[in-house]
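Asks: Just so we're aligned: the sequence shown equals residues 1355 to 1583 in this note's numbering. Just so you know, even glycine gets a beta-carbon here, dropped at the ideal spot from N, CA and C.
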Amino acid sequence: MVLDKDDQMTNAQYPLPILYSLRHCPYAMRARIAIFKSKQAILLRDIKLANKPEEMLALSQNKTVPMLVVSESEVIEESIDIMIKMLIDHDPHNLLQPPQSTLSEMLIIIHRYDLQFKEALNAYRCSKRYQENNVVELRAACEVFIEELEQRLTSHRFLMSDCESLLDIALMPFIRQFSKVERQWYQKSPYPKLRAWLNSYLQSPMFTKVMAKHDLWVECHRDIIWGDI
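1. What is the DSSP secondary structure of residue 1435, reduced to helix, strand or coil?
2. Does residue 1397 come out as helix, strand or coil in the three-state DSSP assignment?
3. Could you tell me the alpha carbon to alpha carbon distance between residue 1403 and residue 1572, rounded to whole angstroms?
4. What do you reckon, are the CB atoms on residue 1478 and residue 1535 nearer than 8 Å?
5. Using 8 Å for Cβ pairs, my map puts residue 1455 next to residue 1514. What's the rounded Cβ distance?
6. Pick from 1393, 1416 and 1391: whose alpha carbon is nearest that of residue 1374?
7. Whole angstroms are fine: how far does the CA of residue 1376 sit from the CA of residue 1585?
8. Using only CA atoms, which one of 1387, 1486, 1474 and 1559 lies nearest to residue 1445?
9. Nearest to residue 1528 by CA position, among 1538, 1542, 1567 and 1503, is which residue?
10. Which residues bound the alpha helix (DSSP H) around residue 1569?
11. Just confirm the distance between the C-beta atoms of residue 1578 and residue 1397, as a whole number of angstroms; I'd bet it's less than 8 Å.
12. Pull up the distance between the alpha-carbon of residue 1369 and that of residue 1521, whole angstroms please.
13. Rank 1434, 1469, 1440 and 1470 by C-alpha distance to the C-alpha of residue 1458 and give the top, closest one.
14. Return the bridge partner residues of residue 1402 from the DSSP annotation.
15. Am I right that residue 1440 and residue 1392 are in contact with their C-beta atoms under 8 Å? What's the rounded C-beta distance?
Here it is in structure tokens:
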């Protein structure tokens, strides 16, 4: 459902959080996945980093996406914080409480991947893009983390257990990035469990909805009521 500009902030029927998002940003992607999994509605505003709306900049400290505006006094600018906020409010799939693990355990792993794996992945992507001669070396640095996930998926269906968790949806967008750097190598790589796990997301109706293209909010000023509702 789309709201015209005149309806956005005045219609009390839609007291919804506002998510400023960028379609292909992995941080915004995982925030949208968590919102979808929470089965709650938000107002989605897709933006372009080169043309950020004044409404967003007026509330933002980080000046980037994702940003969830819950109210004038509550603005959340870290993707993991957005995910936890939405899932604490409603977590029908128990993503925050998978069997035999805790939220704190998952957050430790996510933090390590956000820092160490993301740094290695950025270097690997840049090396491939600019055709440098150290692609294999930089790929191997990423594989330390990829091998760990392969071992986890050898033991159970998802990364923490046989049940999907916050860890799965937090890491998936970055594993997707890894898979796209050297497509032919990746398809033949010794990580069949990881490929099957990733494909189960990429081929899902959920991912199609999460990655749907919308008009940029700054150009049309139409909010989209969005979510698996």
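Replies: With the structure as the only source:
1. Under the three-state reduction of DSSP, residue 1435 is assigned to helix.
2. Residue 1397: strand per DSSP, three-state reduction.
3. For residue 1403 and residue 1572, the gap between their C-alpha atoms comes out near 11 Å.
4. Yes.
5. Residue 1455 to residue 1514, Cβ: 5 Å. Contact.
6. Considering only alpha carbons, the answer is 1416.
7. Any property of residue 1585 remains undetermined from this structure, which presents the chain solely from 1355 to 1583.
8. If we check each option's Cα against that of residue 1445, 1387 comes out closest.
9. Proximity to residue 1528 across 1538, 1542, 1567 and 1503 peaks at 1503, based on C-alpha coordinates.
10. Premise fails: residue 1569 is in no alpha helix (DSSP H) and is neither H nor E.
11. The pair is a contact, with the Cβ atoms about 7 Å apart (cut-off 8 Å).
12. Rounded to whole angstroms, the gap between the alpha carbons of residue 1369 and residue 1521 is 30 Å.
13. With distances taken between Cα atoms, residue 1458 lies closest to 1434.
14. BP columns for residue 1402 point to 1405.
15. Rounded to whole angstroms, the Cβ separation of residue 1440 and residue 1392 is 4 Å, and the two are in contact under 8 Å.
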